[in-house]
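> This note's numbering puts the first residue of the sequence shown at 5, with every later residue one more than the last.
Quick reminder that beta carbons are idealized off the backbone N, C-alpha and C, glycines included.
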Amino acid sequence: MSLKTNHPKHPKGTKARVLLTSVFGPYAQDDAFGSRIINPMELYHNQVTRVQQAFSLRTFNRSWGLMLIQVNLKAPCTLLDFPTEERFLEEIKTNEYDVIGISSIMTNLLKVRRMCKLIRKHQPNATIVIGGHVANLSVLQKYVNADHVVRGDGVRWMRNFLSEDANQPIRHPVVKGNIGSRIMGVDLRKHPGDDCATLIPSVGCPIGCNFCSTSAMFGGKGKFIEYYHSGDDVFDIMCALESELNVKAFFVMDENFLIDKKRALQLLARMEENNKPWSLYVFSSANVLQKYTMEQLVALGVSWVWMGLEGKGSQYTKLAGTDTVAFTKNLREHGIRVLGSSIIGLEEHTPENIDEAIENAVSHKTEFHQFMLYTPIPGTPLFAEHEADNSLKSLADVSIADIHGQHVFNYHHPHIKDGEETEFLLRAFRRDFEVNGPSIVRIIRTVLRGWKKFKNHPNPRIRARFAHEAANIPMRYASVLWATRKYYRDDPKRVAEINEIFRELHAECGWRSRLAAPIGGRYMYRQLLKQEKMLDEGWTYEPPTFFETNFANGPAAAERVEGIRSNPMNSTTPAHVNEELVVHELESVL
Numbered sequence: 005m006s007l008k009t010n011h012p013k014h015p016k017g018t019k020a021r022v023l024l025t026s027v028f029g030p031y032a033q034d035d036a037f038g039s040r041i042i043n044p045m046e047l048y049h050n051q052v053t054r055v056q057q058a059f060s061l062r063t064f065n066r067s068w069g070l071m072l073i074q075v076n077l078k079a080p081c082t083l084l085d086f087p088t089e090e091r092f093l094e095e096i097k098t099n100e101y102d103v104i105g106i107s108s109i110m111t112n113l114l115k116v117r118r119m120c121k122l123i124r125k126h127q128p129n130a131t132i133v134i135g136g137h138v139a140n141l142s143v144l145q146k147y148v149n150a151d152h153v154v155r156g157d158g159v160r161w162m163r164n165f166l167s168e169d170a171n172q173p174i175r176h177p178v179v180k181g182n183i184g185s186r187i188m189g190v191d192l193r194k195h196p197g198d199d200c201a202t203l204i205p206s207v208g209c210p211i212g213c214n215f216c217s218t219s220a221m222f223g224g225k226g227k228f229i230e231y232y233h234s235g236d237d238v239f240d241i242m243c244a245l246e247s248e249l250n251v252k253a254f255f256v257m258d259e260n261f262l263i264d265k266k267r268a269l270q271l272l273a274r275m276e277e278n279n280k281p282w283s284l285y286v287f288s289s290a291n292v293l294q295k296y297t298m299e300q301l302v303a304l305g306v307s308w309v310w311m312g313l314e315g316k317g318s319q320y321t322k323l324a325g326t327d328t329v330a331f332t333k334n335l336r337e338h339g340i341r342v343l344g345s346s347i348i349g350l351e352e353h354t355p356e357n358i359d360e361a362i363e364n365a366v367s368h369k370t371e372f373h374q375f376m377l378y379t380p381i382p383g384t385p386l387f388a389e390h391e392a393d394n395s396l397k398s399l400a401d402v403s404i405a406d407i408h409g410q411h412v413f414n415y416h417h418p419h420i421k422d423g424e425e426t427e428f429l430l431r432a433f434r435r436d437f438e439v440n441g442p443s444i445v446r447i448i449r450t451v452l453r454g455w456k457k458f459k460n461h462p463n464p465r466i467r468a469r470f471a472h473e474a475a476n477i478p479m480r481y482a483s484v485l486w487a488t489r490k491y492y493r494d495d496p497k498r499v500a501e502i503n504e505i506f507r508e509l510h511a512e513c514g515w516r517s518r519l520a521a522p523i524g525g526r527y528m529y530r531q532l533l534k535q536e537k538m539l540d541e542g543w544t545y546e547p548p549t550f551f552e553t554n555f556a557n558g559p560a561a562a563e564r565v566e567g568i569r570s571n572p573m574n575s576t577t578p579a580h581v582n583e584e585l586v587v588h589e590l591e592s593v594l
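And the structure:
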């Protein structure tokens, strides 16, 4: 929506020149614009592997929302992703734009404010549009000098604003899943577990947890916006991404992709018909996953799942009736890696029971574990609840740059004293690392056991998928285990765990892994120590800047990009439905 009642229209329509940009970096530093060293532009190192030091997975993900808007506009549109302030300033001084759109999360409010000031100074005639999660901040217009604030579907809003057909088919951007991935000081190149495309079937989530800002942004409980309505549509997009990026895996950027079982099983049928041994990395709730048989999940290629575990005794119905410890164990036994997500600071948490909550989370033994503070984000029902009972802290008491779920509460907890939450959060991360060890070792164990279970599967497509995922076992994974065992040589428990995996690995690979382990392992060990030293000296990681355009006469230095449209001839969705964005009401699944 816009700040205005009727949808605004730019006078130049589809001829308007558009610049879309993310906020400027650097990101992994403490500065006056709200950057925080504990809140880098890295999802894993920020929220998942933050205490794993040199074993932490370091990677970046593109601003795919901006990419989605860009390829769905007929207007000339340039994208500047992860610029420095200097690069952003250079762009608005060099090229004239009619519309400048900025996407941001709330913690970067001061950067958005700074960018708006620079735009007003150097491009006073440009229309400024603000989107992303920062748009849910009700007091945003007090802090930034913007013309429009967009909440929800940016593609539809921008098409309407530029007098384009808002209901024309959605084109999918070509998005590499991970950028600059590295672990243990080694860059990952064409690694089966890292090399993937980003797939965006829909946005929002109908489950509507009260703390979820993504669900709130796209309509809340029972609603989401589905771009591709059938398995045929999704299959066509995946085929095109496979061809463009030469990948066999897809990071499905969809809060609950499997909730549409009919679409998922239709996709499975197309994969089987066309012998596609693809891997899918998905978000899902435990209850939705259990609507499928394990055989269906394996056949569909689900090999990694991000699953909310919230906490023992949690109020959230997506976990109702599920023994999540047993369920995650079953997933791992089928070669499916799990990223569990747990919350610190739920209403029932106290200093007396927080350790029990942490132990319950750690007992899941997931390959990765995200811990987040229970945080009421503006726009969510949880925020409204705290606003109503006057338990929110004022922005004078807590900086908006610190409201990111990895530092402090932005409200007064009924049982946890202000400041205690920071230590409880770090305690959870440290306990998981202490008990379960480096995530990379956990991954190797699950990939190896998946290969052992399915290497002789009667379906050659499934065999091929597990063979691809296990390609690193004989050499690279053997080297990782050797280096990690050497690093933990004074920890008998960790050494014993690695030796057990080694026995399984050598039994499968024989002389190849026995030969590769010490040779590659020595190199990995040196890189691990080098990375550790760099971290001790204050090394931080920043994403590269991307400069892209959707039209031939765009800036000379910009890379030309085009979107992908699904093939309507192969779609089982009625043509008139295929031309619309349908907001679904799925209360029945809740």
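#1: Are the beta-carbon atoms belonging to LYS78 and GLU168 less than 7 angstroms from one another?
#2: Rounded to the nearest angstrom, what separates GLU473 and ARG530 at their Cα positions?
#3: Is it the case that the Cβ atoms of GLU546 and PRO30 are separated by a distance below 7 angstroms?
#4: What is the DSSP secondary structure of MET573, counted as helix, strand or coil?
#5: Give a yes or no on contact between the region 548-562 and the region 504-519, applying the rule of three or more CB pairs nearer than 8 angstroms.
#6: On the three-state DSSP scale, how would you describe GLY223?
#7: How would you call PRO442, buried or exposed, if buried means at least 16 neighbouring beta carbons within 10 angstroms?
#8: For GLY3, which of helix, strand or coil comes out of DSSP?
#9: So, using beta-carbon positions, are THR82 and LEU141 closer together than 7 angstroms?
#10: Under a three-way DSSP split, which group does ARG467 fall into?
#11: Which term fits ARG11, buried or exposed, when burial requires 16 or more other beta carbons within 10 angstroms of its beta carbon?
#12: Residue ranges of each alpha helix (DSSP H) run of no fewer than 4 residues wholly in the region 130-205, ordered along the chain?
#13: Between which two residues does the beta strand (DSSP E) carrying GLU314 extend?
#14: Give a yes or no on contact between the region 233-245 and the region 261-275, applying the rule of three or more CB pairs nearer than 8 angstroms.
#15: State the CB to CB distance for the pair TYR285 and PHE331, rounded to an integer number of angstroms; the pair is presumed to be in contact (CB under 8 angstroms).
#16: If distances are taken between C-alpha atoms only, which option among LEU519, ALA220, ARG274 and MET45 comes closest to ARG465?
#17: Give me the residue from LEU114, GLY184, THR25 and ARG493 with the minimum Cα distance to ASP35.
#18: Rank ASN214, TRP68, ASN171 and ARG155 by C-alpha distance to the C-alpha of THR202 and give the top, closest one.
#19: Between the region 174-187 and the region 552-572, are three or more C-beta pairs nearer than 8 angstroms?
#20: Going by the beta-carbon positions, is the gap between ALA482 and SER517 smaller than 7 angstroms?
#21: Cβ atoms of PHE437 and VAL55: under 7 angstroms apart, would you say?
#22: Could you please give the first and the last residue of the uninterrupted beta strand (DSSP E) stretch that includes VAL565?
#23: May I have a chain-ordered list of the alpha helix (DSSP H) segments no shorter than 4 residues that lie completely inside the region 345-380?
#24: Look up PHE64 in the DSSP assignment and say whether it is helix, strand or coil.
#25: Return the first residue and the last residue of the alpha helix (DSSP H) that PHE428 is part of.
#26: Can you list, in chain order, the stretches of the beta strand (DSSP E) that have 3 or more residues and sit fully within the region 17-66?
#27: Whose C-beta lies closer than 8 angstroms to the C-beta of ASP258 among residues of the same chain, with five residues either side of it excluded?
#28: According to DSSP, is ASN10 part of a helix, a strand, or is it coil?
#29: Give me the DSSP bridge partner(s) of TYR285.
#30: What does a CB cutoff of less than 6 angstroms around ILE348 pick up in its chain, not counting 5 residues either side in sequence?
#31: With the cut-off set at 7 angstroms, would you say ILE444 and VAL484 are in Cβ contact?
#32: Would you check if the region 210-229 and the region 192-202 touch, i.e. whether three or more CB-CB distances between them fall below 8 angstroms?
#33: For ARG493, which of helix, strand or coil comes out of DSSP?
#34: What residues in its chain sit with their C-beta under 7 angstroms from that of ASN279, if we drop five residues either side in the sequence?
#35: Answer yes or no: do THR63 and HIS408 have a C-beta to C-beta separation smaller than 7 angstroms?
#36: Does the region 35-50 come within contact of the region 124-137, defined as at least 3 CB pairs closer than 8 angstroms?
On the basis of the coordinates in this document:
#1: As a working note, residue 78 is residue 74 in the sequence shown. As a working note, residue 168 is residue 164 in the sequence shown. Going by C-beta atoms, LYS78 is nearer than 7 angstroms to GLU168.
#2: Position 469 of the sequence shown, counted from the start, is the residue given in the question as residue 473. Position 526 of the sequence shown, counted from the start, is the residue given in the question as residue 530. Between GLU473 and ARG530, the C-alpha separation is close to 26 angstroms.
#3: As a working note, residue 546 is residue 542 in the sequence shown. As a working note, residue 30 is residue 26 in the sequence shown. Taking 7 angstroms as the Cβ cut-off, GLU546 and PRO30 qualify as a contacting pair.
#4: Taking the sequence shown and counting its residues from 1, one reaches residue 573 at position 569. Note that MET573 scores 49 on pLDDT, short of 50, meaning its location in the model is unreliable; the coordinates nonetheless yield the value given after this. MET573 falls in the helix class under three-state DSSP.
#5: no
#6: Working through the sequence shown from its first residue, we reach residue 223 at position 219. Correct three-state label for GLY223: coil.
#7: Here residue 442 is taken as the residue at index 438 of the sequence shown, counted from 1. Buried, by the Cβ-count rule.
#8: Since the first and last residues shown for the chain are 5 and 594, residue 3 lies out of range.
#9: Your numbering for residue 82 matches position 78 in the sequence shown. Your numbering for residue 141 matches position 137 in the sequence shown. The answer is no: Cβ separation not under 7 angstroms.
#10: Counting from one through the sequence shown, the residue named residue 467 turns up at place 463. Three-state result, ARG467: helix.
#11: One-based indexing of the sequence shown puts residue 11 at position 7. Reading off the sequence shown, one finds His at residue 11, where the question assumed Arg. Looking at its Cβ environment, which holds fewer than 16 other Cβ atoms inside 10 Å, HIS11 is exposed.
#12: 144-147 and 158-165
#13: Position 310 of the sequence shown, counted from the first residue, corresponds to residue 314. From DSSP, the beta strand (DSSP E) with GLU314 extends over 306-314.
#14: yes
#15: If you number the sequence shown from 1, residue 285 lands on position 281. If you number the sequence shown from 1, residue 331 lands on position 327. At roughly 18 angstroms, the Cβ-Cβ gap does not stay under 8 angstroms, so TYR285 and PHE331 are not in contact.
#16: For the purposes of this step, residue 465 is taken as residue 461 along the sequence shown, with counting starting at 1. Ranking LEU519, ALA220, ARG274 and MET45 by Cα distance to ARG465 puts ARG274 first.
#17: Counting from one through the sequence shown, the residue named residue 35 turns up at place 31. ASP35 has its Cα closest to that of LEU114, out of LEU114, GLY184, THR25 and ARG493.
#18: Taking the sequence shown and counting its residues from 1, the one referred to as residue 202 is at position 198. The shortest C-alpha separation from THR202 is found at TRP68.
#19: yes
#20: Taking the sequence shown and counting its residues from 1, the one referred to as residue 482 is at position 478. Taking the sequence shown and counting its residues from 1, the one referred to as residue 517 is at position 513. In this structure, SER517 lies closer than 7 angstroms to ALA482 by Cβ.
#21: Locating residue 55 in the sequence shown gives position 51, where the first residue counts as 1. Locating residue 437 in the sequence shown gives position 433, where the first residue counts as 1. Taking 7 angstroms as the Cβ cut-off, VAL55 and PHE437 qualify as a contacting pair.
#22: Translated into positions along the sequence shown, residue 565 becomes position 561. Counting along the chain, VAL565 falls outside any beta strand (DSSP E), and DSSP gives it neither H nor E.
#23: 358-366
#24: As a first step, residue 64 must be located in the sequence shown, where it is residue number 60. The answer is strand: DSSP assigns PHE64 an E or B state.
#25: Counted from its first residue, the sequence shown places residue 428 at position 424. Its alpha helix (DSSP H) spans residues 424-440.
#26: 22-26 and 62-64
#27: For this step, residue 258 is matched to residue 254 along the sequence shown. Cβ within range, chain order: LEU203, ILE204, PRO205, SER206, VAL207, VAL286 and PHE287.
#28: Counted from its first residue, the sequence shown places residue 10 at position 6. It is coil, neither helix nor strand.
#29: Residue mapping note: residue 285 aligns to position 281 of the sequence shown, counting from 1. Its beta-bridge partners are PHE255 and TRP308.
#30: Position 344 of the sequence shown, counted from the start, is the residue given in the question as residue 348. The answer, listed in chain order, is PHE375, LEU377, PHE428, LEU429 and ALA432.
#31: Taking the first residue of the sequence shown as position 1, residue 444 is located at position 440. Taking the first residue of the sequence shown as position 1, residue 484 is located at position 480. Taking 7 angstroms as the Cβ cut-off, ILE444 and VAL484 qualify as a contacting pair.
#32: no
#33: What you label residue 493 is simply residue 489 of the sequence shown in a count that begins at 1. In this structure, ARG493 counts as coil in the three-state DSSP scheme.
#34: For the purposes of this step, residue 279 is taken as residue 275 along the sequence shown, with counting starting at 1. Excluding positions up to five away in sequence, the list reads ARG465.
#35: Taking the first residue of the sequence shown as position 1, residue 63 is located at position 59. Taking the first residue of the sequence shown as position 1, residue 408 is located at position 404. Cβ atoms of THR63 and HIS408: not closer than 7 angstroms.
#36: no
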